[in-house]
Amino acid sequence: MDTSQQALTHWLTARKVHWDTLEAQLKPQQSPSEQPLAEARELLVGYRGVMNDLSLARRLQGTALITRYLENLFLKTHEELYRPAPHFWGRLGDLYHIDVPLLMRRMQRALYASLAVFVVALLVGWVLVSAYPELINLFASPAMIREVHAGRLWTDGLLNVAPSSLLSVGIAANNISVTLLSFGLGVFYGVGTLYMIGINGLMLGGAFAFAASYGLDGRLFAFIIGHGVVELSVIIIAGGLGLQLGEALIRPGTRSRLQAFQATCTDTGKVLLAATPFLLVAGIIEGFVSPNPLFGMMPRVLMGLGSGTLFWLVMLYGLPWRRGKFVRG
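Mapped onto the working numbering, the consecutive letters of the sequence shown carry residue numbers 65 to 393.
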C-alpha cells in the first residue's frame, strides 16, 4: 500500500466516527432533548466538519463513493440547520407536547413542595376555624358570614347579580391574577410564594370548616368541585414555579444569580403560559355551571374530574394526538 493510500485510509478511519455521530444526530428523536442548545452547537460543528471533508474528498482520486456519501450527509445536515421555523401552531404544539412535560419533570420537587404547603395550610385552616369559629373573620367578609348564619352560601344567587358570561370573565381574570401573583412573588426568594400558597390553603380550609358548622359543607363542595380541580391545580403549579424561581436566586449553582434567574424565568414562564388557558375553562365552568342549581352533583363531579384529568395528562404527558411526533428544538 503506497503512502497516499495509507493516508486516505487513516483519514477515513479518523473521520468515520464523526460522520456516524452526525448521522445519529440527524435521526428523529423518540424523547425530548434535555440540552437542545448544546445539541444545536454540536450539529453546527458537525456541519462545518462534513463541509471540509466533502471539499477534501472532491480533490482526491478514487473516492467517488465517499464523495457521494458526504454530499448526501452534507445536504441532510444543511436541511436540518436551515429548515423554516415552525409556524405558530407548530410552536404551540411543541410547547405542550415537548417543553412542558420535560419542565414539569424537572420541577417536580418544587411542585410537591407547593402541594404539601397547600394541603398543610388547608388542614390548619380547618382545625383553627373548627376550634375557634371567630377566626373566620380573618378569612371571610362580614357579608359572607351573615349569609352562612342565615343558612345560605355566599354563592347562592350569583346568577341574579350578574350574567354567567360576565361572571366567567371576572372569575377568570381573578384566577389569572392570583396565579401570576403566586408565581411572581417567588422573586422574594420564594417567601412571597409560600405566603400566597399558605393563605389560599388557610382560606379554603377555614371556609369549609365554617360551612360545615352550619351543615353547608356539602353544598360548598358541590359549588367548588366543577371548576376547583383545574383552578387549584394551576395555583399549586404556579406556587411550585415561584418556589423554583426562589431556589434559583438562593442556589444559582455555577451561574451568576442573574443568569440563573433569567434561565428559570424562561423555563417557568413556558409552564405558566401553558397552564393559564385552562383557567379560562375553569372560569367558564364557574360562571355557567357552579352557581346554576339545574346541575346536579354527578354532572359537577364528572366535569371537575374530567377537566382536571385532561389538564394533568396534557401537562405531564403532552398532546395525545401528537404522540411520537418529536420536533428537535
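A virtual CB, placed ideally from N, CA and C, is assigned to each residue, including glycine.
These numbers were taken from a predicted model, which means no experiment stands behind them.
Outcome for residue i when other beta-carbon atoms lying within 10 angstroms are tallied against a minimum of 16
i: Gln172; result: exposed
i: Leu186; result: buried
i: Thr85; result: exposed
i: Thr141; result: buried
i: Trp153; result: exposed
i: Ile314; result: exposed
i: Met361; result: exposed
i: Asn264; result: buried
i: Gly370; result: exposed
i: Leu249; result: buried
i: Ser232; result: buried
i: Phe203; result: buried
i: Leu322; result: exposed
i: Gly215; result: exposed
i: Leu137; result: buried
i: Gly221; result: exposed
CB of residue i within 7 Å of CB of residue j, strictly
i: Leu159; j: Ala338; result: yes
i: Ala273; j: Ser194; result: yes
i: Leu167; j: Asp331; result: yes
i: Phe446; j: Ser228; result: Not covered by the structure: residue 446. The range shown for the chain is 65 to 393.
i: His82; j: Gly113; result: yes
i: Leu305; j: Phe247; result: yes
i: Tyr111; j: Leu145; result: yes
i: Leu280; j: Leu217; result: yes
i: His151; j: Gly382; result: no
i: Leu120; j: Leu134; result: no
i: Gln89; j: Leu107; result: yes
i: Gly303; j: Ile235; result: no
i: Thr131; j: Arg122; result: yes
i: Phe287; j: Thr219; result: yes
Closer than 7 Å to chain B by CB, residue i
i: Phe287; result: The structure shown contains no chain B; it is built from a single protein chain.
Cβ-based neighbour list, residue i, same chain, cut-off 7 Å, excluding 5 preceding and 5 following
i: Leu258; result: Val181
i: Thr328; result: Gln308, Leu309 and Ala312
i: Val164; result: Lys334, Val335, Ala338 and Met379
i: Met200; result: Residue identity differs from the one stated: residue 200 is Ile in this sequence, not Met. Excluding sequence neighbours, Ile200 sits near Val193, Ile209, Gly270 and Phe274.
i: Ile299; result: Val242, Thr243, Ser246 and Asn264
i: Met115; result: Phe138
Same chain, Cβ closer than 8 Å to residue i, neighbours up to 5 away in sequence not counted
i: Trp190; result: Gly269, Gly270, Phe272 and Ala273
i: Ile240; result: Thr340 and Leu343
i: Phe252; result: Gly310
i: Val183; result: Gly265
i: Ala177; result: Gly304 and Leu307
i: Val188; result: Gly265, Leu266 and Gly269
i: Glu143; result: none
i: Ala226; result: Gly234
Contacts around residue i, its chain only, beta-carbon distance under 6 Å, and the 5 residues preceding and following it disregarded
i: Gly290; result: Ile349, Val353, Ser354, Arg364, Met367 and Gly368
i: Tyr278; result: Val212
i: Arg283; result: Leu217
i: Leu76; result: none
i: Gln94; result: Confidence in Gln94 is poor, its pLDDT being 48 and thus under 50, which makes the residue's placement unreliable; the coordinate value appears in the next sentence. Excluding positions up to five away in sequence, the list is empty.
i: Glu87; result: none
i: Ala324; result: Ala312 and Pro316
i: Gly254; result: Leu307 and Gly310
i: Gly256; result: Leu249
i: Pro197; result: none
Assess, as a yes-or-no matter, whether the stretch 288 to 305 is touched by the stretch 339 to 346 under the definition of 3 or more beta carbon pairs within less than 8 Å. yes
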